[in-house]
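Per our numbering, residue 369 is the first one in the sequence shown, and the count goes up by one each step.
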Amino acid sequence: MSADKKVKAGSTRRKFIKELAIGGSTIAVAGTVPGLASEAEQILQGVSLETSDGKSRYGKCIVSLPIKKFGETVMFSTGADLLNGFPCNIIYAFGLKVGPLGLSRKPHVHDHDEVIYFIGSDPKSTELGAEVNFKIGPKGEEEDHIFSVPTAVVIPKGVWHCPMETLKCDQPFLCMAVSITNKYKYESSK
């Protein structure tokens, strides 16, 4: 749904969130394909429609993030439990130096899809400011994927991936994993 569209009068919050979650261009298709419409409704079924926290009308819409120190940098991980039932899990960290990146030191697999974003930290530059090696495939069969531009790595459920390694680092960069799931789970290789 583009930012310039207005919410129609009489539209429910659930409909609005459904359109937002699926994307404006595919919502029209979702209504004509029975499986897509019901899947979107199932995904959003656990989202709380209550916005009041007892102090203000929309207090539950504002969620403080559990940012923690991790080595030389900070990171956070949040999921549906913190996001009032919204089925999204985000892990957010920074790459600061050459070496292993993130918590995933071994190949692992999920029962949900995941997108991992690598974005530069300089708001005046389109550069990543680093070179990253992202491994995809089961242990012993990994493919090395090396990139040095802002990148999104799309990992379908069931695809083994990681570890990630920073090969070169000229400036800090953001590494953010996003999954549409209630709980982040993985199975790691031996």
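Even glycine gets a Cβ: it sits at the ideal position worked out from N, Cα and C.
Per DSSP, cross-strand counterpart(s) of residue i
i           : result
residue 458 : 446 and 546
residue 468 : 533
residue 436 : 443
residue 555 : 477
DSSP-derived helix/strand/coil call for residue i
i           : result
residue 427 : helix
residue 525 : coil
residue 534 : strand
residue 463 : strand
residue 396 : Any reading at residue 396 must be qualified, since the residue scores a pLDDT of 39, below 50, and its modelled position is unreliable; the value itself is stated next. Residue state, collapsed to three classes: helix.
residue 390 : In this prediction, residue 390 scores a pLDDT of 43, lower than 50, which makes its location untrustworthy; no coordinate-derived value is stated.
Residue i burial status per 10 Å Cβ neighbour count (16 or more: buried)
i           : result
residue 463 : buried
residue 376 : Any answer about residue 376 is weak, because its pLDDT of 49 lies below 50 and its placement is not dependable; what the coordinates show is given next. Exposed, by the Cβ-count rule.
residue 522 : exposed
residue 429 : exposed
residue 484 : buried
residue 470 : buried
residue 500 : buried
residue 393 : Its pLDDT being 37, under 50, residue 393 is placed unreliably in this model, and the coordinates cannot settle the point.
residue 467 : exposed
residue 496 : buried
residue 541 : buried
residue 438 : exposed
residue 549 : buried
When the options are compared against residue i, the one with the closest alpha-carbon
i           : options               : result
residue 481 : 546, 427 and 541      : 546
residue 490 : 538, 549 and 509      : 538
residue 519 : 422, 447 and 494      : 494
residue 512 : 525, 419, 496 and 535 : 535
residue 441 : 431, 424, 455 and 460 : 460
residue 515 : 532, 528, 524 and 505 : 532
residue 555 : 509, 473, 540 and 486 : 473
residue 479 : 455, 525 and 467      : 525
residue 551 : 447, 507 and 487      : 447
Report the start-end ranges of each beta strand (DSSP E) in the segment 478-522 that is 3 residues or longer and not cut off at the edges. 482-488, 498-504 and 511-515
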